[in-house]
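Student: Residue numbers (this note's numbering), protein chains in the order written: chain E, 1 to 111; chain D, 1001 to 1114.
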Amino acid sequence: RKEVEQDPGPFNVPEGATVAFNCTYSNSASQSFFWYRQDCRKEPKLLMSVYSSGNEDGRFTAQLNRASQYISLLIRDSKLSDSATYLCVPPPRGGYNKLIFGAGTRLAVHP
Amino acid sequence: NAGVTQTPKFRILKIGQSMTLQCTQDMNHNYMYWYRQDPGMGLKLIYYSVGAGITDKGEVPNGYNVSRSTTEDFPLRLELAAPSQTSVYFCASSHGGAYTDTQYFGPGTRLTVL
């Protein structure tokens, strides 16, 4: 079983919509995750970290549900510039901050 | 700060040729990483380094070599290029030592092997 599983999408939403992605994980000991964003043909960039208390940054809210072993990312008032692939990344295991990056969920925001 | 820089941006190689992908970071980070990303796929770790003179294999090291003689530089060497090495290569760095350490990525090198 993969450590994290994400719906690859694409999620096609109009500008102004609210969209949510979920990511399920298998390691029940995980206490934090990262959401990275990768624009088309660009490098990944950290969007936010998420802990059991959740995290909010402007239009973006991330939650970690340890009981059900999933992480969510909510984007409110979607902008065209939010179009990207969103990667749910589990915490490093085995030391040296080695992260596992899956294929992510693709979001396309249209006018 | 320039962050993580990579050269070249694009390269086309013939089968059997060799090349070095350059990566430099100016954030004084201890940890550096090389990933490859095939179309529609996630990043796969090729090699990583936790400091000058220390390197180790990642998930897909075959066909590649690395060295880390300085904190700033972490070049990736392809010795005998094969079509299977056609990919986008990302270098990343992080401070190291913290559980929630952020990785910062370079803009990538797009390599085609024909």
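Just so it is clear, CB atoms sit at the ideal spot from N, CA and C, and this is done for glycine as well. Bear in mind that the values here come from a model prediction, so they are computed numbers and not experimental data.
#1: Checking contacts by CB at 8 Å: is residue 1047 of chain D closer than that to chain A?
#2: Any beta-carbon of chain E closer than 8 Å to the one on residue 1024 of chain D?
#3: Go through its chain and collect everything with a Cβ distance to residue 1083 of chain D's Cβ below 8 Å, but skip five positions before and after it.
#4: Just by C-beta distance, which residues in the region 81-103 of chain E are closer than 8 Å to chain D?
#5: List the residues of chain E that residue 1067 of chain D touches, going by C-beta distances under 9 Å, in chain order.
#6: Which residues in chain D sit within 8 Å of residue 10 of chain E, going by Cβ to Cβ distance?
#7: Taking CB distances under 8 Å as the criterion, tell me whether residue 45 of chain E reaches chain D.
#8: Kindly indicate the opening and closing residues of the beta strand (DSSP E) around residue 106 of chain E.
#9: Do we get a CB-CB distance below 8 Å when we pair residue 1064 of chain D with the residues of chain E?
#10: In chain E, what lies closer than 8 Å to residue 1096 of chain D by C-beta?
#11: Less than 8 Å between the beta carbons of residue 53 of chain E and residue 32 of chain E, yes or no?
#12: Suppose the cutoff is 7 Å on Cβ atoms and the five residues either side in sequence are ignored; what does the same chain contact list for residue 1002 of chain D look like?
#13: From the DSSP output, which residues share a beta bridge with residue 1056 of chain D?
#14: Can you tell me whether residue 81 of chain E is helix, strand or coil according to DSSP?
#15: Can you tell me whether DSSP reads residue 1069 of chain D as helix, strand or coil?
#16: Taking the beta carbon of residue 41 of chain E as the centre, do at least 16 other beta carbons fall within 10 Å, making it buried, or is it exposed?
Tutor: If we stick to the structure as given:
#1: No chain A appears in this structure, whose protein chains are E and D.
#2: Your numbering for residue 1024 of chain D matches position 24 in the second sequence. No, because no Cβ of chain E sits closer than 8 Å to the Cβ of residue 1024 of chain D.
#3: Counting from one through the second sequence, the residue named residue 1083 of chain D turns up at place 83. Correct list, in chain order: 1015, 1113, 1114.
#4: 87, 91, 92, 96, 97, 98, 99, 100, 101, 102, 103
#5: Numbered from 1 along the second sequence, position 67 holds the residue referred to as residue 1067 of chain D. Here the premise fails: no neighbours, minimum Cβ distance about 17 Å.
#6: Stepping through the first sequence from its first residue, residue 10 of chain E is reached at position 10. The contacting residues do not exist; residue 10 of chain E stays about 11 Å from chain D at best.
#7: Position 45 of the first sequence, counting from 1, holds the residue named residue 45 of chain E. By this cut-off, residue 45 of chain E is an interface position.
#8: Here residue 106 of chain E refers to the residue found at position 106 of the first sequence. Element bounds for residue 106 of chain E: 105-110.
#9: On the second sequence, residue 1064 of chain D is found 64 positions in, with the first residue counted as 1. Not closer than 8 Å to any Cβ of chain E, the Cβ of residue 1064 of chain D fails to qualify, so no.
#10: In the second sequence, the residue the question calls residue 1096 of chain D occupies position 96. Within chain E, the residues near residue 1096 of chain D are 96, 97.
#11: Taking the first sequence and counting its residues from 1, the one referred to as residue 53 of chain E is at position 53. Taking the first sequence and counting its residues from 1, the one referred to as residue 32 of chain E is at position 32. Not closer than 8 Å, so no.
#12: What you label residue 1002 of chain D is simply residue 2 of the second sequence in a count that begins at 1. So the list reads 1026, once near-sequence residues are dropped.
#13: Within the second sequence, numbered from 1, the residue matching residue 1056 of chain D stands at position 56. In DSSP, residue 1056 of chain D forms a bridge with D/1048.
#14: Numbered from 1 along the first sequence, position 81 holds the residue referred to as residue 81 of chain E. Residue 81 of chain E falls in the helix class under three-state DSSP.
#15: Against the second sequence, residue 1069 of chain D aligns to sequence position 69. Note: residue 1069 of chain D maps to coil in three-state DSSP.
#16: For this step, residue 41 of chain E is matched to residue 41 along the first sequence. With fewer than 16 Cβ atoms within 10 Å of its Cβ, residue 41 of chain E is classed as exposed.
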